[in-house]
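**Student:** Starting off with a structure, shown below.
Protein chains: 4
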Amino acid sequence: MTLPAGRSKALGMRFFSDNAAPVHPRVMAALAEVNVLDTAYDGDRWSKSLDARLSALFDTDVAVLWVPTGTAANCLALAALCPPHGGVVCHRDAHIQNDEGGAPEFYTHGAKLFLAEGEGAKLTPATIAAVLDGIVDDVHRVQPHAISITNATEYGRVYTPAEVAAIGALARERGLGLHMDGARFANAVAHLGCHPADVTWRAGVDALSFGFVKNGAMSAEALVFFDPAQRGATLYRRKRAGLLLSKGRYLAAQVLAMLDDDLWLDNARAANAQAQAIAAAAAGRLVHLVEANEVFLRATPDEAATLRAAGFDFYDWAPGEIRLVTAWDSRADEVARLAQAIAAL
Amino acid sequence: MTLPAGRSKALGMRFFSDNAAPVHPRVMAALAEVNVLDTAYDGDRWSKSLDARLSALFDTDVAVLWVPTGTAANCLALAALCPPHGGVVCHRDAHIQNDEGGAPEFYTHGAKLFLAEGEGAKLTPATIAAVLDGIVDDVHRVQPHAISITNATEYGRVYTPAEVAAIGALARERGLGLHMDGARFANAVAHLGCHPADVTWRAGVDALSFGFVKNGAMSAEALVFFDPAQRGATLYRRKRAGLLLSKGRYLAAQVLAMLDDDLWLDNARAANAQAQAIAAAAAGRLVHLVEANEVFLRATPDEAATLRAAGFDFYDWAPGEIRLVTAWDSRADEVARLAQAIAAL
Amino acid sequence: MTLPAGRSKALGMRFFSDNAAPVHPRVMAALAEVNVLDTAYDGDRWSKSLDARLSALFDTDVAVLWVPTGTAANCLALAALCPPHGGVVCHRDAHIQNDEGGAPEFYTHGAKLFLAEGEGAKLTPATIAAVLDGIVDDVHRVQPHAISITNATEYGRVYTPAEVAAIGALARERGLGLHMDGARFANAVAHLGCHPADVTWRAGVDALSFGFVKNGAMSAEALVFFDPAQRGATLYRRKRAGLLLSKGRYLAAQVLAMLDDDLWLDNARAANAQAQAIAAAAAGRLVHLVEANEVFLRATPDEAATLRAAGFDFYDWAPGEIRLVTAWDSRADEVARLAQAIAAL
Amino acid sequence: MTLPAGRSKALGMRFFSDNAAPVHPRVMAALAEVNVLDTAYDGDRWSKSLDARLSALFDTDVAVLWVPTGTAANCLALAALCPPHGGVVCHRDAHIQNDEGGAPEFYTHGAKLFLAEGEGAKLTPATIAAVLDGIVDDVHRVQPHAISITNATEYGRVYTPAEVAAIGALARERGLGLHMDGARFANAVAHLGCHPADVTWRAGVDALSFGFVKNGAMSAEALVFFDPAQRGATLYRRKRAGLLLSKGRYLAAQVLAMLDDDLWLDNARAANAQAQAIAAAAAGRLVHLVEANEVFLRATPDEAATLRAAGFDFYDWAPGEIRLVTAWDSRADEVARLAQAIAAL
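Protein chains in written order, with the numbering used here: chain A, 315 to 659; chain B, 315 to 659; chain C, 315 to 659; chain D, 315 to 659.
Following this line, the structure appears as structure tokens:
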């Protein structure tokens with residue numbers, strides 16, 4: 315391929331985000347493996363195998379759709395759980411509220427997000443109930459139809475099975491659906507060491523956005539319905555959103571490769587471990603407990619500048635706060651240098 | 315990658331659709347080439363180079379967005395050209411009307427498609443005007459805001475620059491935008507032998523869905539705005555639709571590889587040539603003039619069964635009519651056998 | 315009230331439309347009667363009595379919502395019967411297709427209208443099935459979820475109970491909802507002389523837009539659900555559409571006054587009778603059989619001009635065709651003069 | 315009219331809401347006055363006179379549309395000022411956020427409401443800027459396009475011309491539209507004693523929902539655009555929302571009657587005066603300064619019960635807080651008894 319004119323700027327040691335990491339070699343190999351003529355859309359044998367593979371993983375019958383982005387997975391799930399005139403409770407720092415450009419409103423045709431509180435971007439039954447109890451049950455108020463939680467959260471915190479189950483119980487009690495944004499589900503499960511079922515359907519989750527792109531895939535996420543009946547209309551919504559790629563086998567292959575020999579868990583463990591290494595060097599500066607692959611640190615502008623001058627790239631998150639994200643391919647040597655640099659601040 | 319349980323059924327010689335063909339090796343190579351850490355979304359150097367590359371190709375300043383499907387490209391274009399309360403004139407057999415699951419209505423928030431006539435799925439100024447003239451200008455009627463044409467059409471017919479220009483003139487006269495669905499734009503240009511500008515912006519086209527997936531790419535199409543000002547809001551709409559992939563460089567790379575050394579034209583010429591070979595053997599059966607890579611034939615159910623028994627796969631299109639589509643990788647030997655089989659019916 | 319500056323132009327004898335007629339004195343009296351403090355929205359005793367009154371009329375339990383326009387009634391019904399990704403079969407000349415400014419698409423969030431044929435704007439099981447059978451059952455095609463018919467039709471034709479029942483049977487067989495646009499339901503029932511149940515729920519109709527505005531009311535229509543369970547979400551949709559008027563008792567009162575002593579039928583009979591008087595004078599010119607209160611005549615431009623010169627106002631409908639509409643208050647003397655004028659052409 | 319079966323429950327002295335009050339006799343008279351045949355929709359002479367009448371009132375050229383509800387007025391205004399992918403800053407207690415059942419999201423096709431703080435439900439440039447400054451300018455965040463303020467606010471507080479002008483200046487500086495929800499605009503102007511222009515267009519307001527229903531009308535509000543160019547698309551949106559009533563003259567007449575001899579101001583002054591009478595008796599209990607026609611009082615459940623036992627009806631607003639609303643027809647004797655009852659608590 316002809317390179318673009320000009321030179322790419324030299325890239326530093328990047329801790330911006332796991333969603334910029336390269337694609338794992340086994341995923342690339344899987345793309346090559348399916349590079350043969352087959353049925354279009356999701357009629358190919360690889361796409362057709364996803365239900366069985368993920369049903370085996372979750373130890374229950376699930377219905378699975380591949381989609382190219384986490385935003386698409388989240389919003390198709392919300393559209394399945396909430397009508398246009400309803401609303402969804404989520405954390406005020408949730409990705410669906412702040413980072414999806416209004417996609418939840420687009421996909422649900424204008425459902426409202428109700429913003430709830432919680433430390434580390436984790437909702438609790440109490441903070442959810444506080445929102446729900448403030449919503450009078452009449453036609454003048456948008457009524458709640460679902461709850462959406464993120465595991466691991468936007469601040470790298472992890473819900474335990476018990477914590478999810480408590481929210482699941484509230485959801486059932488109030489007649490609400492429960493969605494889990496699992497853009498970093500792998501990191502959460504790797505941290506918990508639990509069975510993936512324990513933190514999802516056994517805890518009351520109805521739909522999971524199972525993320526792979528931040529964890530080594532190229533362009534495939536899996537939307538998992540624990541009630542297979544919810545797939546029907548979602549197939550139409552996916553097509554209607556322009557998300558039914560013609561050559562779906564290249565998405566299915568990514569998911570399958572990530573599942574093979576638990577690559578999804580290995581990659582997440584690797585990323586989590588590097589985050590722990592950073593956290594260990596920055597104990598006094600941690601804004602949030604480090605449980606997955608994100609590290610939020612207190613750092614003055616001068617300190618941030620010092621780290622950048624040393625070749626580390628990352629986001630300023632809030633005044634006096636920076637975010638460092640590790641990925642499946644974070645290099646131990648770079649992380650060690652980063653840890654030293656932080657310790658030396 | 316672990317193969318799905320069971321065996322894939324033996325695949326025959328497939329003339330179902332070009333959208334099921336494998337990915338061209340040079341596109342696969344490009345994916346490997348960009349498989350390095352870079353900026354997420356469309357901030358990478360490859361994505362950033364698309365404007366320049368396509369401006370050079372079209373000999374004018376264009377604004378380009380990659381998207382993963384042709385449906386997405388079409389519908390983002392329509393959303394840019396038509397407000398929710400407006401309408402778009404298209405052929406009654408247009409892909410946006412019949413094959414996108416209501417995506418135009420989703421993206422435009424309910425704009426109406428006005429269905430016009432025309433031989434071979436080609437609109438003409440007269441058939442468009444017939445629709446427009448039937449729409450009284452008052453608030454009780456949805457008002458037209460744009461025209462959408464497909465080149466090559468759903469029946470493999472090609473608009474010439476003069477034909478597009480005549481429609482472009484009508485669009486200007488009536489104050490309407492003009493969109494071209496170019497899912498098979500390459501096949502059209504390969505047939506015409508013209509400069510791609512001649513059949514687009516020089517003929518009055520405002521937005522082009524420039525298709526690559528049917529022509530050897532994996533999952534990348536280019537939405538090309540000939541008025542770069544239309545990109546602004548579209549960037550927000552693309553994100554809002556869940557179409558802003560995290561790792562955009564893998565889409566940009568596909569487009570760039572297709573443009574390198576005119577691979578897009580070479581692939582289209584190859585597909586068109588195979589279609590001609592079929593057409594030559596089926597002259598008396600042709601439903602539509604064969605100009606691109608689709609061949610529509612009259613064939614009785616028995617004749618269709620005979621062809622299938624000989625190992626050829628294809629769609630029944632209408633009673634007594636079958637559709638055969640060639641692709642960039644159609645094998646001359648298989649096409650020759652198909653041609654013989656047709657001639658022998 | 316201070317009159318607007320300037321003079322209203324002298325009004326001729328108007329046969330434009332029944333929707334411009336004045337309000338019946340008994341409706342005006344009802345407005346005065348409810349002009350006391352009561353509960354807002356639909357919590358007043360008059361609004362609350364609508365279910366019982368219309369259940370009695372229809373001889374079955376119905377759920378009723380008042381709305382201020384027929385468009386609102388139609389589109390809330392469609393939204394109850396069809397999801398955003400679905401479609402509704404209607405006649406190509408249906409009001410919902412041509413005269414509601416895209417309201418069906420707005421209320422349904424972009425459902426598609428499938429246009430079917432039929433003489434006098436009447437659908438038949440055959441014309442509906444012709445559309446349905448052309449829709450392949452896959453995600454690329456919008457799938458039908460409902461049928462909408464208009465009784466009396468846009469051309470003043472009336473479906474009999476048997477005709478509706480045949481369509482109702484098809485709807486059940488195909489799993490589709492059935493909506494009746496009854497903007498001129500009163501005129502249809504007056505013509506048929508049947509029980510209103512016979513041409514609605516007993517014939518398979520799920521939802522009826524029961525029109526009063528064209529028949530002597532000011533601003534109230536009744537949306538009638540024959541399955542009361544469909545009211546729930548519709549209450550939210552009505553509010554969300556800005557249609558829940560604060561002082562609902564003034565709408566309920568109109569409906570109640572129209573039902574009292576069968577004013578709705580008396581008014582419709584009056585209008586129908588005047589249309590018959592015109593039709594009798596124009597037998598050779600009738601474009602459609604006159605069954606309700608609309609008369610479509612063949613008339614040259616010169617003939618139309620002659621009628622206008624004589625003081626009659628009406629719409630040109632199509633080249634060589636005019637439309638004359640009678641209303642509850644059409645004056646027999648004016649109609650007689652019109653009949654004479656037509657006969658004299 | 316036949317009364318509904320059963321008896322209406324005896325109504326107490328109602329201070330629930332001004333939106334349940336009866337219609338002013340002069341408005342009723344105006345309805346009778348227009349009860350003649352005229353052109354349908356908004357083609358009648360009364361509807362056509364609204365622009366001139368309100369242009370005179372506001373001392374500038376305005377474009378006016380009647381609508382039947384304040385929700386409709388608000389949401390058509392928001393749809394004119396904000397695209398589907400944008401957002402609107404409003405107070406977290408704003409009617410558009412809490413009491414319109416998601417209508418803003420319906421009309422704008424999913425725009426997001428950004429919730430800002432402010433005492434008495436009044437926004438300030440500082441609280442608005444705090445929200446705006448937290449919105450990073452990239453495609454992942456919904457971008458603000460407009461600000462909506464309510465005057466008088468949901469707590470009966472009034473923005474002065476200077477306060478609105480400060481917000482208007484911020485709106486201009488940030489390129490945002492400015493909408494005023496004037497459901498109780500009359501009460502605000504009556505309180506301020508200013509020219510209506512001073513608190514609207516001269517202060518930077520682009521669109522005003524000018525409320526009449528809470529102030530003595532039956533079913534008509536005026537949506538006023540200070541930039542007449544914004545009417546064009548709104549006419550289509552109004553029809554598309556099912557809000558274009560067939561007999562618009564009955565809405566226009568209400569607005570005209572309310573403007574005649576400043577009935578709108580007289581009614582508002584009357585309501586405000588009664589609120590002051592209540593406030594004077596409850597000085598130590600006031601939650602909000604009383605400036606319009608709403609009084610929010612601290613009252614224990616026992617105290618509230620005492621008032622109810624004395625025959626007064628009102629809403630519990632928050633724990634330990636009740637809301638009393640006066641209307642154009644509040645009776646001085648009932649208000650005096652209420653004041654005494656409050657003083658005696």
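All C-beta atoms in this analysis are idealised placements derived from N, C-alpha and C, irrespective of residue type, glycine included.
Hey, is D:Q436's beta-carbon within less than 8 Å of any beta-carbon in chain C?
**Tutor:** Looking up residue 436 of chain D in the fourth sequence gives position 122. The identity of residue 436 of chain D in the sequence shown is Lys, whereas the question assumes Gln. So, not an interface residue.
**Student:** Using a Cβ cut-off of 8 Å (strictly closer), state whether D:F428 contacts chain C.
**Tutor:** Counting from 1 along the fourth sequence, the entry for residue 428 of chain D is found at position 114. Output row for D:F428: interface = no.
**Student:** If we ignore side chains and look at the alpha-carbon of each, how far apart do A:L570 and A:D512 end up?
**Tutor:** Working through the first sequence from its first residue, we reach residue 570 of chain A at position 256. Working through the first sequence from its first residue, we reach residue 512 of chain A at position 198. Straight-line Cα distance between these residues: approximately 22 Å.
**Student:** Is the CB of C:I656 under 8 Å away from at least one CB in chain B?
**Tutor:** If you number the third sequence from 1, residue 656 of chain C lands on position 342. No - not a single Cβ of chain B is within 8 Å of the one on C:I656.
**Student:** Excluding the five sequence neighbours on either side, which residues of its own chain have a C-beta within less than 6 Å of the C-beta of C:R583, listed in chain order?
**Tutor:** Here residue 583 of chain C refers to the residue found at position 269 of the third sequence. The residues are A504.
**Student:** Determine the DSSP secondary structure at A:S523, reduced to helix, strand or coil.
**Tutor:** Walking along the first sequence from the start, residue 523 of chain A turns up at place 209. Here A:S523 sits in strand by DSSP.
**Student:** For the stretch 539 to 559 of chain D, list every residue whose C-beta sits within 8 Å of some C-beta in chain B, in sequence order.
**Tutor:** Per Cβ criterion, the list reads A547, L549, Y550, R551, R552, K553, R554, L558.
**Student:** For B:A618, tell me which candidate among B:N501, B:A425, B:I656, B:N586 has the shortest Cα-Cα distance.
**Tutor:** Indexing the second sequence from 1 puts residue 618 of chain B at position 304. Out of B:N501, B:A425, B:I656, B:N586, B:I656 has the C-alpha closest to the C-alpha of B:A618.
**Student:** Is it true that the CB of B:K426 sits closer than 8 Å to the CB of B:V456?
**Tutor:** Numbered from 1 along the second sequence, position 142 holds the residue referred to as residue 456 of chain B. Numbered from 1 along the second sequence, position 112 holds the residue referred to as residue 426 of chain B. A contact, by the Cβ cut-off of 8 Å.
**Student:** Counting Cβ pairs closer than 8 Å, one from the stretch 375 to 390 of chain C and one from the stretch 512 to 527 of chain D, do we hit at least three?
**Tutor:** No contact exists between the stretch 375 to 390 of chain C and the stretch 512 to 527 of chain D.
**Student:** C:H423 versus chain A: which residues are under 9 Å apart at the beta carbon?
**Tutor:** Along the third sequence, read from residue 1 onward, the residue named residue 423 of chain C stands at position 109. Within chain A, the residues near C:H423 are P398, H423, G424.
**Student:** Going by CA-CA distance only, name the one from B:R486, B:A591, B:A536 that's closest to B:R367.
**Tutor:** Counting from 1 along the second sequence, the entry for residue 367 of chain B is found at position 53. It is B:A536.
**Student:** Consider the Cβ of B:R498: report whether some Cβ of chain C lies at a distance smaller than 8 Å.
**Tutor:** Numbered from 1 along the second sequence, position 184 holds the residue referred to as residue 498 of chain B. Taking Cβ atoms only, chain C never reaches closer than 8 Å to B:R498, which makes this a no.
**Student:** Considering Cα atoms alone, identify which of B:T614, B:A531, B:D630 is closest to C:V450.
**Tutor:** Residue mapping note: residue 450 of chain C aligns to position 136 of the third sequence, counting from 1. Nearest C-alpha to C:V450: B:D630.
**Student:** Classify D:P458 as helix, strand or coil using the three-state DSSP reduction.
**Tutor:** Counted from its first residue, the fourth sequence places residue 458 of chain D at position 144. D:P458 falls in the strand class under three-state DSSP.
**Student:** Express the C-alpha separation of C:F420 and D:R551 in angstroms, rounding to a whole number.
**Tutor:** Taking the fourth sequence and counting its residues from 1, the one referred to as residue 551 of chain D is at position 237. Taking the third sequence and counting its residues from 1, the one referred to as residue 420 of chain C is at position 106. Cα to Cα, D:R551 sits roughly 9 Å from C:F420.
**Student:** Count the CB pairs spanning the stretch 461 to 473 of chain A and the stretch 422 to 438 of chain A that are closer than 8 Å, and state whether there are at least three.
**Tutor:** Yes, the stretch 461 to 473 of chain A is in contact with the stretch 422 to 438 of chain A.
**Student:** Short of 7 Å Cβ to Cβ, which residues in the stretch 378 to 409 of chain C face chain D?
**Tutor:** Cβ contacts with chain D: P382, T383, T385, A386, C389.
**Student:** Just verifying my parser: in three-state terms, what is the DSSP assignment at C:R612?
**Tutor:** Working through the third sequence from its first residue, we reach residue 612 of chain C at position 298. Note: C:R612 maps to strand in three-state DSSP.
**Student:** At a CB-CB cut-off below 7 Å, which residues of chain D make contact with A:F420?
**Tutor:** Stepping through the first sequence from its first residue, residue 420 of chain A is reached at position 106. Residues of chain D passing the Cβ test: G424.
**Student:** Does the beta-carbon of A:G556 have 16 or more other beta-carbons within 10 angstroms, so that it is buried, or is it exposed?
**Tutor:** To locate residue 556 of chain A, count along the first sequence from 1; it is residue 242. It counts as buried.
**Student:** Return helix, strand or coil for A:F499, following the three-state DSSP convention.
**Tutor:** The residue labelled residue 499 of chain A in the question sits at position 185 within the first sequence. A:F499: helix per DSSP, three-state reduction.
**Student:** Roughly how many angstroms separate the alpha carbons of D:L429 and D:V445, rounded to a whole number?
**Tutor:** Mapped onto the fourth sequence, residue 429 of chain D falls at position 115. Mapped onto the fourth sequence, residue 445 of chain D falls at position 131. When rounded, the distance between both Cα atoms is 8 Å.
**Student:** Suppose you measure from the CA of C:A344 to the CA of C:L351; what does that come to, to the nearest Å?
**Tutor:** Taking the first residue of the third sequence as position 1, residue 344 of chain C is located at position 30. Taking the first residue of the third sequence as position 1, residue 351 of chain C is located at position 37. When rounded, the distance between both Cα atoms is 15 Å.
**Student:** Could you tell me whether the Cβ atoms of C:G432 and C:T422 are closer together than 8 Å?
**Tutor:** Here residue 432 of chain C refers to the residue found at position 118 of the third sequence. Here residue 422 of chain C refers to the residue found at position 108 of the third sequence. It is not a contact, given that the beta carbons lie outside the stated cut-off.
**Student:** Tell me the DSSP secondary structure of A:E431 in three-state form.
**Tutor:** Residue numbering aside, residue 431 of chain A sits at position 117 when the first sequence is read from its first letter. Three-state result, A:E431: coil.
**Student:** Are the C-beta atoms of A:H313 and some chain D residue less than 8 Å apart?
**Tutor:** Nothing can be reported for residue 313 of chain A, as the shown portion of chain A is limited to 315 through 659.
**Student:** In whole angstroms, what is the alpha-carbon distance linking C:M532 and C:D574?
**Tutor:** Locating residue 532 of chain C in the third sequence gives position 218, counting from the first residue. Locating residue 574 of chain C in the third sequence gives position 260, counting from the first residue. Those two C-alpha atoms are separated by around 16 Å.
**Student:** What residues in its chain sit with their C-beta under 6 Å from that of A:E414, if we drop five residues either side in the sequence?
**Tutor:** Mapped onto the first sequence, residue 414 of chain A falls at position 100. These residues qualify, in order along the chain: T385.
**Student:** Could you check the C-alpha separation between D:P510 and D:R406 for me, to the nearest Å?
**Tutor:** Mapped onto the fourth sequence, residue 510 of chain D falls at position 196. Mapped onto the fourth sequence, residue 406 of chain D falls at position 92. Whole-angstrom Cα-Cα distance: 26 Å.
**Student:** Below 8 Å on C-beta distance, what does A:G415 contact in chain D?
**Tutor:** By 1-based counting over the first sequence, the position of residue 415 of chain A is 101. Within chain D, the residues near A:G415 are H399, V453, H454, R455, V456.
**Student:** Pick out whichever of A:M494, A:S644, A:V538, A:A417 has its Cα sitting closest to the Cα of A:P398.
**Tutor:** Walking along the first sequence from the start, residue 398 of chain A turns up at place 84. For the residues A:M494, A:S644, A:V538, A:A417, the minimum Cα distance to A:P398 belongs to A:A417.
**Student:** Between which two residues does the beta strand (DSSP E) holding C:I449 run?
**Tutor:** As a working mapping, residue 449 of chain C is identified with position 135 in the third sequence. No beta strand (DSSP E) holds C:I449; DSSP gives it neither H nor E.
**Student:** For D:F539, which three-state DSSP category applies?
**Tutor:** The sequence position of residue 539 of chain D within the fourth sequence is 225, counting from 1. D:F539: strand per DSSP, three-state reduction.
**Student:** Taking C-beta to C-beta, are A:G491 and A:A606 nearer than 8 Å?
**Tutor:** As a position in the first sequence, residue 491 of chain A is number 177, starting the count at 1. As a position in the first sequence, residue 606 of chain A is number 292, starting the count at 1. Their beta carbons are not under 8 Å apart, which means A:G491 does not touch A:A606 by this criterion.
**Student:** What does DSSP give as the partner residues of D:D294 in its beta bridges?
**Tutor:** One cannot answer for residue 294 of chain D here, as it falls past the ends of chain D, which runs 315 to 659.
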